[in-house]
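Enquirer:
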Amino acid sequence: LGLFIWLFQDKLPQVTIAVKDGTASYGFLRLDKTLPWFYKALDYLSKLASPLSWICIGATLAEIPMKKAIVQKDAWAYSLIKVMLIPVINFVLLLAVNKLGILPVSFEGMATTVIMMAAPTATVAASYAISFDKESVFASNCSLISTAVAVFAMPVWIIILEVIKNLGLFM
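Numbers 2 to 172, taken from our numbering, label the letters of the sequence shown in order.
(1) Label N167 either buried or exposed according to how many other C-beta atoms from any shown protein chain fall within 10 Å of its C-beta, with 16 as the threshold for buried.
(2) For A120 and A140, I'd like the C-alpha separation in whole angstroms.
(3) Within its chain, find whatever has a CB closer than 8 Å to the CB of L62; leave out the 5 residues flanking it on each side and keep chain order.
(4) Check V89 in the structure and name its three-state DSSP category.
(5) With respect to the beta strand (DSSP E) encompassing I18, which residues constitute its N-terminal and C-terminal limits?
(6) Quick one: what's G23 bridged to in DSSP?
(7) Tell me the residue span of the alpha helix (DSSP H) that contains L2.
(8) Let's see if you can read the secondary structure: which residues bound the alpha helix (DSSP H) around K166?
(9) Where does the unbroken alpha helix (DSSP H) through V72 begin, and where does it stop?
(10) Can you tell me which of L43, T114, I160, D11 puts its alpha carbon nearest to the alpha carbon of I87?
(11) List the DSSP bridge partners of G59.
(12) For the structure I just gave you, are there three or more beta carbon pairs, one from the stretch 6-17 and one from the stretch 26-43, closer than 8 Å?
(13) May I have the straight-line CA-CA distance separating M111 from G23, to the nearest angstrom?
(14) For A42, would you say it is in contact with chain C, using Cβ-to-Cβ distances shorter than 8 Å as the test?
(15) With which residues is G102 paired in a DSSP beta bridge?
Next comes the structure, spelled out in structure tokens:
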């Protein structure tokens with residue numbers, strides 16, 4: 002829905018707003034232009050989403066001993082797959098489509114994809130698990146461990162990407 006609103010904002014009812022050089026017309030849903038005071042409040046709230054999720058994850062993990070959280074094999078398996086295997090799969094797929102000429106991919110595009118896939122689990126998954134009381138400890142534990150693994154894996158991925166860049170596999 003948001004994509005369509007953005008794409009067709011010129012077709013929406015317009016609001017004329019005074020700007021430095023006269024007036025400008027914006028779609029009525031451009032809250033940053035039409036209701037700047039409301040947009041500022043939403044902007045403050047949006048910046049609180051991740052920290053509040055981290056607090057909830059911490060509160061959930063506080064329910065179990067740290068040793069029990071660290072030794073959970075499923076969370077480690079998930080974290081290693083998320084931070085190590087998924088980026089490799091994406092790299093191989095992008096290399097294949099690039100070499101076959103299906104989709105030209107630049108080094109920057111490939112590197113961005115690999116780094117993005119190597120990032121730890123989004124806090125929103127743990128937030129939903131906590132909100133709906135479905136495997137909240139496991140989801141929080143996965144978030145914790147994938148973040149810890151990513152701290153060590155990210156420099157490794159950057160080195161690997163530099164080697165790939167120097168090999169000239171992507172132009």
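Think of the CB as a built atom: it goes at the ideal place given N, C-alpha and C, for glycine as much as any other residue.
Expert: Looking at the coordinates:
(1) exposed
(2) Cα to Cα, A120 sits roughly 16 Å from A140.
(3) A70, V138, S141, N142, L145
(4) helix
(5) 15-20
(6) V20
(7) Per DSSP, L2 belongs to no alpha helix (DSSP H) and is neither H nor E.
(8) 137-168
(9) Run containing V72: none; DSSP gives neither H nor E here.
(10) T114
(11) Beta-bridge annotation (DSSP): G59 is not paired with any residue.
(12) yes
(13) 44 Å
(14) The question asks about chain C, but that chain is absent: this structure has only one protein chain.
(15) Answer is none; G102 lacks a bridge partner.
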